[in-house]
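Engineer: Got a structure here, written out as structure tokens. Questions coming.
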Amino acid sequence: MIELKNLLDTEILNYFRRLPDNTITKAMMYSMSIGGKRLRPVLCLLTGEMFGKSKEDLMPMALAMEMIHTYSLIHDDLPAMDNDDYRRGKLTSHKVFGEANAILAGDALLNEAFTVLLESYAVQGESGARAALYISGCSGRDGMILGQVMDLHHEEYPATFDELRLCHHKKTGALITAAVCAPAVYAGATAEEIILLEEYAGNLGLAFQIQDDILDVTSTREVLGKTVGKDEKSNKTTYVGLFGVDKSREMAKEATEACLAALSKLRRDTSKLEDLTRSLMERTY
Numbered sequence: 550m551i552e553l554k555n556l557l558d559t560e561i562l563n564y565f566r567r568l569p570d571n572t573i574t575k576a577m578m579y580s581m582s583i584g585g586k587r588l589r590p591v592l593c594l595l596t597g598e599m600f601g602k603s604k605e606d607l608m609p610m611a612l613a614m615e616m617i618h619t620y621s622l623i624h625d626d627l628p629a630m631d632n633d634d635y636r637r638g639k640l641t642s643h644k645v646f647g648e649a650n651a652i653l654a655g656d657a658l659l660n661e662a663f664t665v666l667l668e669s670y671a672v673q674g675e676s677g678a679r680a681a682l683y684i685s686g687c688s689g690r691d692g693m694i695l696g697q698v699m700d701l702h703h704e705e706y707p708a709t710f711d712e713l714r715l716c717h718h719k720k721t722g723a724l725i726t727a728a729v730c731a732p733a734v735y736a737g738a739t740a741e742e743i744i745l746l747e748e749y750a751g752n753l754g755l756a757f758q759i760q761d762d763i764l765d766v767t768s769t770r771e772v773l774g775k776t777v778g779k780d781e782k783s784n785k786t787t788y789v790g791l792f793g794v795d796k797s798r799e800m801a802k803e804a805t806e807a808c809l810a811a812l813s814k815l816r817r818d819t820s821k822l823e824d825l826t827r828s829l830m831e832r833t834y
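Numbers in our numbering are just positions in the sequence shown, counted from 1, shifted up by 549.
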């Protein structure tokens, strides 16, 4: 994963160096280049390779996934949303460039993502167009954005377990599902394979979110790279709030085991995805 992360870091830097040197480009590049796990583009590359696609062919899709994810983080950190001053150990975009430029940088990254997707895959025929459409569905009004709306709603109205799970299935899981399934759609995976990948990605998103909730109460800003304890202060319902740390750890483990079970049903070499899945259980940020 480290090798792929380094490759992605280089590709991101090279991409933004080609854009006009102005305030918006600087704001876009700032948030894209301050680190992070690069989980979604790594998932994109690993899944696509599992279905026979090369890194070179998949790289535009991987970059687009990271652009969409980064735009969502910029907007999530805004005063109207989570109002956070730090992300990945650095000042958030609105603290560096101002709130208006941060909003515009997020908007620009979303548009840039679909420019990359359309330029690279719309000409590839139906499979390329279907992959772009899959990403759009996961990141749009019925996917990640709906999850954000639900998340804000539950700051005022406590969520039940089912409501919390649906919220995070949308807010966190939807884009992870896009990262896993869109390259498979592009590669011509069968309907049965897509169903198994969606099962895998849904449980991966759940495990990832539960681990986030645990780290929010057990880690520090220096390690986590962002303000800790904000969920409790903003009265958000979390898995830790509902079940406690120990039970939440059990739930994350169960979701991880469900991920591996889904992968085991694929008649593909899933070893790299399995290794990545296990490693996420041990992450500290």
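Ideal placement from N, C-alpha and C gives every residue a C-beta, glycine not left out.
Quantities reported herein were computed from a predicted structural model and do not represent experimental measurements.
According to the neighbour-count rule (16 or more other Cβ atoms, all chains shown, within 10 Å of its Cβ), is L682 buried or exposed?
Structural biologist: Along the sequence shown, read from residue 1 onward, the residue named residue 682 stands at position 133. L682 is exposed by the Cβ-count criterion.
Engineer: If contact is defined by three or more beta carbon pairs under 8 angstroms, each pair taking one atom from either stretch, is the stretch 624 to 637 in contact with the stretch 728 to 740?
Structural biologist: The stretch 728 to 740 is not in contact with the stretch 624 to 637.
Engineer: Under the assumption that M577 contacts I561 (Cβ atoms under 8 angstroms), give the Cβ distance between them as a whole number of angstroms.
Structural biologist: As a working mapping, residue 577 is identified with position 28 in the sequence shown. As a working mapping, residue 561 is identified with position 12 in the sequence shown. The Cβ separation is near 10 angstroms, so there is no contact.
Engineer: Is DSSP giving Y683 helix, strand or coil here?
Structural biologist: Along the sequence shown, read from residue 1 onward, the residue named residue 683 stands at position 134. Of the three classes helix, strand and coil, the one that applies to Y683 here is helix, per DSSP.
Engineer: Under 8 angstroms, do E615 and L557 count as touching if we go by C-beta distance?
Structural biologist: Residue 615 sits at position 66 when you count from the first residue of the sequence shown. Residue 557 sits at position 8 when you count from the first residue of the sequence shown. Yes, they are a contact pair.
Engineer: State buried or exposed for E598, treating a residue as buried only when at least 16 other CB atoms are found within 10 Å of its CB.
Structural biologist: The sequence position of residue 598 within the sequence shown is 49, counting from 1. So E598 counts as buried.
Engineer: So, at 7 angstroms on beta carbons, what are the nonlocal neighbours of A611 in its own chain, with the 5 sequence-adjacent residues on each side left out?
Structural biologist: Numbered from 1 along the sequence shown, position 62 holds the residue referred to as residue 611. Same-chain partners within the cutoff: L557, P590, C593 and L594.
Engineer: Give the range of the alpha helix (DSSP H) segment to which T619 is assigned.
Structural biologist: In the sequence shown, counting from the first residue as 1, residue 619 sits at position 70. It spans K604 to D625 - the alpha helix (DSSP H) in which T619 sits, taken as one unbroken run.
Engineer: Measure the CB-CB distance between L724 and S688 and report whether it falls below 8 angstroms.
Structural biologist: Taking the first residue of the sequence shown as position 1, residue 724 is located at position 175. Taking the first residue of the sequence shown as position 1, residue 688 is located at position 139. The answer is yes: Cβ separation under 8 angstroms.
Engineer: Alpha carbon to alpha carbon, how far is E747 from H618?
Structural biologist: Taking the sequence shown and counting its residues from 1, one reaches residue 747 at position 198. Taking the sequence shown and counting its residues from 1, one reaches residue 618 at position 69. E747 and H618: Cα-Cα distance of roughly 18 angstroms.
Engineer: Alpha carbon to alpha carbon, how far is Y749 from A736?
Structural biologist: For the purposes of this step, residue 749 is taken as the residue at position 200 of the sequence shown. For the purposes of this step, residue 736 is taken as the residue at position 187 of the sequence shown. About 18 angstroms.
Engineer: Is R637 helix, strand or coil by DSSP?
Structural biologist: Position 88 of the sequence shown, counted from the start, is the residue given in the question as residue 637. Note: R637 maps to coil in three-state DSSP.
Engineer: Tell me the start and end of each unbroken alpha helix (DSSP H) in the stretch 739 to 773 that is at least 4 residues and wholly inside, in chain order.
Structural biologist: With a minimum length of 4 residues, the continuous alpha helix (DSSP H) runs that stay inside the stretch 739 to 773 are 740 to 767 and 770 to 773.
Engineer: Note down, one range per segment and in chain order, each alpha helix (DSSP H) of at least 4 residues found wholly within the stretch 666 to 732.
Structural biologist: Complete alpha helix (DSSP H) runs here, min 4: 675 to 688, 693 to 705 and 710 to 720.
Engineer: Name the two residues that bound the continuous alpha helix (DSSP H) containing Y788.
Structural biologist: The count along the sequence shown starts at 1 and reaches residue 788 at position 239. Element bounds for Y788: Y788 to S813.
Engineer: Is the beta carbon of M550 closer than 8 angstroms to that of L825?
Structural biologist: Locating residue 825 in the sequence shown gives position 276, counting from the first residue. Locating residue 550 in the sequence shown gives position 1, counting from the first residue. In this structure, M550 lies closer than 8 angstroms to L825 by Cβ.
Engineer: Between the Cα of L745 and the Cα atoms of H718, K814 and H703, which residue gives the shortest distance?
Structural biologist: Residue mapping note: residue 745 aligns to position 196 of the sequence shown, counting from 1. Selected option, being the one with the closest Cα: K814.
Engineer: Determine whether the beta carbon atoms of A804 and I763 lie at a separation below 8 angstroms.
Structural biologist: Start at 1 with the first residue of the sequence shown, and residue 804 comes out as number 255. Start at 1 with the first residue of the sequence shown, and residue 763 comes out as number 214. No; because the gap between Cβ atoms is not below 8 angstroms, this pair is not in contact.
Engineer: Give me the residue from K782, S768 and I583 with the minimum Cα distance to V794.
Structural biologist: Reading the sequence shown from its first residue, position 245 is the one you call residue 794. Checked all of K782, S768 and I583; the closest Cα to V794 is S768.
Engineer: Can the beta-carbon of A756 be found less than 8 angstroms from the beta-carbon of L829?
Structural biologist: Locating residue 756 in the sequence shown gives position 207, where the first residue counts as 1. Locating residue 829 in the sequence shown gives position 280, where the first residue counts as 1. Contact: yes.
Engineer: My assumption, with CB atoms under 8 angstroms, is that T709 sits in contact with G754. Please give the rounded CB distance.
Structural biologist: Mapped onto the sequence shown, residue 709 falls at position 160. Mapped onto the sequence shown, residue 754 falls at position 205. 19 angstroms between Cβ atoms; not a contact.
Engineer: Out of E705, C716 and G674, which has the shortest C-alpha to C-alpha gap to Q697?
Structural biologist: Counting from one through the sequence shown, the residue named residue 697 turns up at place 148. Nearest of E705, C716 and G674 to Q697, Cα basis: C716.
Engineer: Mind the definition here: the stretch 639 to 653 touches the stretch 602 to 611 only if three or more C-beta pairs lie below 8 angstroms; say whether that holds.
Structural biologist: In short, these stretches do not touch, since the Cβ pair count stays below three.
Engineer: Would you kindly work out how many angstroms separate the C-alpha atoms of L713 and T819, rounded to a whole number?
Structural biologist: Your numbering for residue 713 matches position 164 in the sequence shown. Your numbering for residue 819 matches position 270 in the sequence shown. Roughly 30 angstroms between the two C-alpha positions.
Engineer: Compare the C-alpha of S783 against each of K639, P609, S797 and D700 and name the closest.
Structural biologist: Here the question's residue 783 lines up with position 234 in the sequence shown. Closest by alpha carbon: D700.
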